[in-house]
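See below for the structure under consideration.
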Amino acid sequence: MYSDSESIISRFDDFTSDEDPEMDDFDRMLDEQVEHQEDSLYTLRLSYLRLFEDEDGPLRSAFPDLYVPSKEILLDLSNVLSCEGDCEEDGENVEYEEEDIDWEAAVKDHEAFDKHGEEGGDDGDAEENHDVRLQPENGCAETTLRTVGKPSPATKFMDKHRGNSLLVEVGLTVSRSELRERHVAQYPDIDFVVGYIQREPTGWALLMTEDPNTVEGIKSYYPSYRLATESDYVMFFRSTHPKKTGFVTIPNPPQRQQKKGRRQYIRQMQSSAALSAHIEAMGGMQNAIFVFLDVEAAVVQKNSVPLPLEIALVPSGGDHSFQPFHCFLHPGVIENSQVALGLSCGAIPSSHHIPLNNVTFLRRDYTKVAEEISQFLSCERVVLINKGSLMDVQALRWVFGAARIAESSNMPIPKLEDIACFDIQALKKLLAQGEWQETKGDAAEAHGEFCWYHAGMQEGLRREIVGYTESHCALKDAQVIHDVVQRYL
325 MYSDSESIIS RFDDFTSDED PEMDDFDRML DEQVEHQEDS LYTLRLSYLR LFEDEDGPLR
385 SAFPDLYVPS KEILLDLSNV LSCEGDCEED GENVEYEEED IDWEAAVKDH EAFDKHGEEG
445 GDDGDAEENH DVRLQPENGC AETTLRTVGK PSPATKFMDK HRGNSLLVEV GLTVSRSELR
505 ERHVAQYPDI DFVVGYIQRE PTGWALLMTE DPNTVEGIKS YYPSYRLATE SDYVMFFRST
565 HPKKTGFVTI PNPPQRQQKK GRRQYIRQMQ SSAALSAHIE AMGGMQNAIF VFLDVEAAVV
625 QKNSVPLPLE IALVPSGGDH SFQPFHCFLH PGVIENSQVA LGLSCGAIPS SHHIPLNNVT
685 FLRRDYTKVA EEISQFLSCE RVVLINKGSL MDVQALRWVF GAARIAESSN MPIPKLEDIA
745 CFDIQALKKL LAQGEWQETK GDAAEAHGEF CWYHAGMQEG LRREIVGYTE SHCALKDAQV
805 IHDVVQRYL
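For what it's worth, the numbering used here labels the leading residue of the sequence shown as 325, then goes sequentially.
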């Protein structure tokens, strides 16, 4: 997700020149960013070694027989759902129909910009031209870049907070929704806008807030950041449509339909009406088997597809033979090591403190795991309940994809729409409307219990991590939502 120093510097090549007197400032800023990123990664690697590989560290002290020091051969399992169309361009700031940029007209138009620029002139002309200065006030002749676009919420935010708008480097595959999902638990009102030029992602995202606490927190999370300049407006304008004849509408490709399908699935997860209809279709509440799902992941990729480390499925009591399912999985090769290390070492909120490799309990028998999960998915009476996260459902599908890649399994990957999963809040709302009322008084608060691994690591983690509270454990979280629902049943 984080580019190396050469790729970072190359982002500025189009906007600077050797004659630019501000070049030294750019170089200094980039050097500081690269150094900070390298220092952060080095610190995380040291923390990881201490927690999971040192002989007297928490892992080997608690589970001396589970550590495997030998070098592992890792498979890349990051694209196991690609055959299902789960990787598409997520151009949220760009519409499909665009005009070609007339570069000659853009260069010749600098006089019009001076006449109708942001300091004055007719607002209509300014909105029509949408020119952006490059290399402003550098002593050289001023040039302009005409972007095919209209002002957007992002550009208006940049205008309002000129010189103080934060850009963070997020990589070329990260979407706005992923960024929000990553940080919304800590910063509920956070929002980003991902930058695109001609429908191609630039790898930069604009933080849509000036709240000091949020800004400082995001800076610590993304070591590569900078303040937006005039040159960055081109990434955030909306595209316009030609006004003359000859305009051809480009139909939505399959990827767009799949994106709409995921959005519809999320809306359905959160709908108590959809849940009620699903339960009625199976013959009523007495026939439903609620299975509570939670997942911990090394990283979450675009379209909420994780590289899962821990999966838990906890069935409710009733007339069935299902037993709780819990396992740890090997995620394969992890390219975004900084985020993955942070979640393993406690440097990022919601850390799980699970090692990424070199332990015997990370299962690689993906086909066997898929078979165990399939017993839940193939039962028409099963209704999965989670905290409303699409990632959890994608993790189940990922297991089937990993089995196909790693073990040449012929098990099909379940379609997203065929997996009945609903938000715990939708179920609570449905139960509260019926004859099932939440029990009060002696009903104990739902806490859940750690799995064997997280329970064994608690003492060592408290000793090593300053301010440690507790780890995120999939089994514990699944038990918590199970206990919440049991209050109604």
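Glycine included, every Cβ here is placed at the ideal spot set by N, Cα and C.
Check                                                                                                  : Outcome
Exposure of residue 528, with buried meaning 16 or more beta-carbon neighbours within 10 Å             : buried
Pair within 8 Å by beta-carbon distance, residue 526 and residue 482                                   : no
N-terminal and C-terminal residue of the beta strand (DSSP E) that residue 549 is part of              : 549-551
Expected contact under 8 Å - CB spacing of residue 700 and residue 637 to nearest Å                    : 6 Å
Touching by the beta-carbon criterion (3+ pairs, under 8 Å), the region 583-601 and the region 780-792 : no
Close beta carbons around residue 364, own chain, < 6 Å, minus the five adjacent residues each side    : 547
Residue burial classification, residue 397 (beta-carbon count within 10 angstroms, cutoff 16)          : exposed
contact_flag[the region 382-396, the region 683-698] where n(CB pairs < 8 Å) is 3 or more              : yes
The alpha helix (DSSP H) enclosing residue 685, as first and last residue numbers                      : That residue, residue 685, is in no alpha helix (DSSP H); it is neither H nor E in DSSP.
Continuous beta strand (DSSP E) stretch holding residue 672: start and end                             : Neither: residue 672 is in no beta strand (DSSP E) and is coded neither H nor E.
Stretch pair the region 650-660 + the region 615-635: three plus CB contacts closer than 8 Å           : yes
Reference residue 651, options 696, 609, 612, 642, closest by Cα                                       : 696
Assigned exposure category for residue 745 - 16 Cβ within 10 Å defines buried                          : buried
Residue 384 versus residue 623: straight-line alpha-carbon distance, rounded                           : 24 Å
Alpha-carbon to alpha-carbon, residue 518 and residue 422                                              : Annotation note: pLDDT 33 at residue 422 (below 50); position unreliable, coordinate value reported separately. If I take the Cα positions, the gap works out to 18 Å.
Contact between the region 607-621 and the region 796-806 (3+ Cβ pairs under 8 Å)                      : yes
Cβ distance (whole Å) where residue 688 is taken to contact residue 405 below 8 Å                      : With a Cβ gap of about 18 Å, residue 688 and residue 405 do not count as contacting.
Which of helix, strand or coil DSSP assigns to residue 554                                             : helix
Limits of the beta strand (DSSP E) - the one that residue 734 falls within                             : Element bounds for residue 734: n/a, residue is neither H nor E.
Contact under 8 Å by Cβ, residue 401 with residue 730                                                  : yes
Paired residues, beta bridge with residue 481 - DSSP                                                   : According to DSSP, which records beta bridges pairwise, residue 481 is partnered with nothing at all.
Contained beta strand (DSSP E) runs [length at least 3] in the region 693-719, N- to C-terminal order  : 706-710
Residue 492 burial status per 10 Å Cβ neighbour count (16 or more: buried)                             : buried
Presumed contact (8 Å Cβ cut-off) between residue 705 and residue 609, rounded CB distance             : With a Cβ gap of about 11 Å, residue 705 and residue 609 do not count as contacting.
Cβ distance (whole Å) where residue 690 is taken to contact residue 726 below 8 Å                      : 4 Å
Span of the alpha helix (DSSP H), counted from its first residue to its last, around residue 382       : 382-386
Per-residue DSSP class, three states only, for residue 515                                             : coil
Residue range of the alpha helix (DSSP H) that includes residue 536                                    : 536-545
Backbone secondary structure at residue 491 - three-state DSSP                                         : strand
Cα-Cα separation, residue 531 to residue 474                                                           : 20 Å
Exposure of residue 778, with buried meaning 16 or more beta-carbon neighbours within 10 Å             : buried
Residue 504 burial status per 10 Å Cβ neighbour count (16 or more: buried)                             : exposed
Residue 650 - DSSP class collapsed to helix/strand/coil                                                : strand
Buried versus exposed, by CB contacts within 10 Å (16 or more), residue 508                            : exposed
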